[in-house]
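Residue numbers (the numbering used here), protein chains in the order written: chain A, 22 to 235; chain B, 22 to 235. Just so it is clear, CB atoms sit at the ideal spot from N, CA and C, and this is done for glycine as well.
Number of protein chains: 2
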Amino acid sequence: MMFKKLVLDNEERAALNAISTKVFKPAKKVIFTQGDIGRNIYRICSGAVRLEHQLKDGRNQIFAFFWPGDIFGTVEGEVYPSSATTLVNTHLFQIPYSQLRYLIQKYPRIQTLFLQEALKYTKSAEQHLLLATYPLVIKRLAGFLLECCKQKDFFDIRSSILTLPMDRKDIADYLGFAPETTSRTLKELEDMDLIKRLATQRILIHVEKIRRVF
Amino acid sequence: MMFKKLVLDNEERAALNAISTKVFKPAKKVIFTQGDIGRNIYRICSGAVRLEHQLKDGRNQIFAFFWPGDIFGTVEGEVYPSSATTLVNTHLFQIPYSQLRYLIQKYPRIQTLFLQEALKYTKSAEQHLLLATYPLVIKRLAGFLLECCKQKDFFDIRSSILTLPMDRKDIADYLGFAPETTSRTLKELEDMDLIKRLATQRILIHVEKIRRVF
DNA sequence: CGGCGAGTTGATAGCTTTCAAATGCCGTGG
DNA sequence: CCACGGCATTTGAAAGCTATCAACTCGCCG
Chain A
22 MMFKKLVLDN EERAALNAIS TKVFKPAKKV IFTQGDIGRN IYRICSGAVR LEHQLKDGRN
82 QIFAFFWPGD IFGTVEGEVY PSSATTLVNT HLFQIPYSQL RYLIQKYPRI QTLFLQEALK
142 YTKSAEQHLL LATYPLVIKR LAGFLLECCK QKDFFDIRSS ILTLPMDRKD IADYLGFAPE
202 TTSRTLKELE DMDLIKRLAT QRILIHVEKI RRVF
Chain B
22 MMFKKLVLDN EERAALNAIS TKVFKPAKKV IFTQGDIGRN IYRICSGAVR LEHQLKDGRN
82 QIFAFFWPGD IFGTVEGEVY PSSATTLVNT HLFQIPYSQL RYLIQKYPRI QTLFLQEALK
142 YTKSAEQHLL LATYPLVIKR LAGFLLECCK QKDFFDIRSS ILTLPMDRKD IADYLGFAPE
202 TTSRTLKELE DMDLIKRLAT QRILIHVEKI RRVF
């Protein structure tokens with residue numbers, strides 16, 4: 022990246038903390054809705070969130086899943102272009118734009134921090150596109166599971182067990198297929214002995230085996 | 022957007038121009054290759070460029086088409102993560118990262134300019150994802166043509182004629198289907214009287230009709 | 001005018017969606 | 001604590017789309 026990795030100093034960090042509010046949202050609760058005036062930006066403390074866009078034809082495309090540490094809630098022309106919903110119980114830092122804009126005037130490097138976060142999101146959007154356009158759904162799903170395994174809060178490396186925070190429809194809406202296809206393809210991966218469904222949300226992942234196949 | 026629209030002042034603009042080189046690339050020429058060390062960032066003066074990513078399995082996914090005014094050539098960890106190729110004869114401004122980094126220290130707002138450009142790219146990546154995941158290819162292609170019609174250099178509003186700078190395979194690689202499907206679906210749109218193929222690259226577009234159908 | 005590559009068209013195979021039904025899971029209320 | 005109800009998930013079968021492979025046409029350039 023052309024921009025040096027930015028680390029805030031103590032003063033900047035304290036100023037940012039001063040305008041942040043820690044909020045708790047239970048699972049499956051809307052944080053903001055597409056079209057709402059964008060008043061806050063959020064950072065995930067713990068939990069997980071989905072960012073989704075409703076289309077006129079009824080389709081619901083999930084743009085991203087956000088994990089601990091991720092920042093979300095950017096606006097376009099004053100409003101949120103998509104909706105954000107918690108997948109599980111989630112703790113968030115909530116930062117009002119009104120105060121953030123003010124803070125940025127005093128500490129310009131804070132703006133760079135948020136812009137860097139946007140670049141990180143861009144990279145993940147490209148990765149998402151690659152996944153969602155694989156001709157075979159089994160490859161999309163396999164790649165998706167591998168992505169999820171990067172999340173330490175949800176993948177236990179010792180046991181290789183992934184605890185999915187999203188349901189089958191969420192996965193389908195992210196990867197661009199029907200909810201039934203999620204089930205069928207998970208079964209196919211299980212038949213290939215690449216995963217084992219322990220419970221609906223708990224899946225044993227043979228990471229290296231999957232990597233070898235795809 | 023949380024960040025105010027940035028406009029460079031004359032001094033900043035002059036400094037940027039001072040390190041820019043105007044270069045010409047004929048059609049179908051590689052500007053940089055995926056994996057190359059990223060030495061320059063580019064801004065399109067005239068023409069059009071595709072950004073594509075080669076996958077291990079042989080698939081070639083086009084991430085974006087760039088048009089006059091667009092900036093491209095961001096790097097990840099020193100190297101270009103994808104390749105850029107001209108579609109037609111193209112004039113570019115070439116800016117060396119080495120000098121740009123130096124310039125940014127003197128004019129920090131220039132960094133913000135490039136970061137804003139990155140945000141613009143993010144938005145287009147989301148739009149791309151929406152297009153490429155429509156269940157029906159006809160809707161993908163119709164949406165794609167409408168997007169192309171926003172480019173004043175390639176769409177003549179008076180005659181409603183779009184001059185496509187890319188070939189059928191490029192469209193297929195962008196929207197995630199086979200090259201043959203591009204042809205078949207263009208024919209389908211023509212049968213529906215939504216477009217008329219005047220020549221391979223020249224297409225009469227009934228913009229409003231298409232909008233009504235989709 | 002000839003030749004090559006891009007584009008188009010046709011037929012079939014393969015994959016995913018859709019619609020329907022069955023099963024399983026979980027929270028609620030008794 | 002257990003039974004019930006509702007919803008998510010799974011599974012099945014048929015229909016619909018798109019990819020693939022192959023042949024053919026067209027346009028451009030030498």
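Amino acids of chain B, ordered along the chain, whose beta-carbon sits closer than 8 Å to that of residue i
i	result
Q82(A)	L150, L151 and T154
A146(A)	T143, A146, E147 and L150
Closer than 7 Å at the beta carbon, the chain B residues around residue i
i	result
L239(A)	Any answer about residue 239(A) is impossible in this case: the structure gives chain A only from 22 up to 235.
Three-state secondary structure assigned by DSSP to residue i
i	result
N110(B)	coil
I182(B)	strand
K141(A)	helix
D174(A)	coil
L225(A)	strand
G197(B)	coil
Y128(A)	coil
D30(B)	coil
R189(A)	helix
L152(B)	helix
F235(B)	coil
L136(B)	helix
L37(A)	helix
L157(B)	coil
M22(A)	Interpretation of M22(A) is limited by its pLDDT of 45, a score under 50 that renders its predicted location unreliable; no figure is taken from the coordinates.
One or two residues paired with residue i in a DSSP bridge
i	result
Q115(B)	T42(B) and Y63(B)
A105(A)	F53(A) and L72(A)
E97(B)	V100(B)
L210(A)	Partner(s): none; L210(A) has no beta bridge.
I216(B)	I226(B)
I92(B)	R64(B)
Residue j beta carbon less than 9 Å from that of residue i
i	j	result
L185(B)	R223(B)	yes
T202(A)	V234(A)	no
P89(B)	I65(B)	yes
T133(A)	L27(A)	yes
L20(A)	L210(A)	Residue coverage of chain A in this structure runs from 22 to 235, which leaves residue 20(A) outside it and unanswerable.
F53(A)	L113(A)	no
A105(B)	Y142(B)	no
I83(B)	R71(B)	yes
I40(B)	I116(B)	yes
A69(B)	F175(B)	yes
L152(A)	L124(A)	no
L183(B)	L225(B)	yes
Y118(B)	R34(B)	no
A193(A)	L108(A)	no
Y128(B)	A220(B)	no
A85(B)	S145(B)	yes
L150(B)	L121(A)	no
Y155(A)	R232(B)	no
Partners in chain A for residue i, counting only beta-carbon separations shorter than 8 Å
i	result
P129(B)	P129
Contact list for residue i against chain A, beta-carbon separation under 7 Å
i	result
G197(B)	T154
9 Å Cβ cut-off: residues of chain A touching residue i
i	result
A139(B)	L136, A139, L140 and T143
Legend entry - Sequence ranges, beta strand (DSSP E) only - wholly within the segment 48 to 87 of chain A, length at least 3: 51 to 53, 61 to 67, 70 to 75 and 81 to 87
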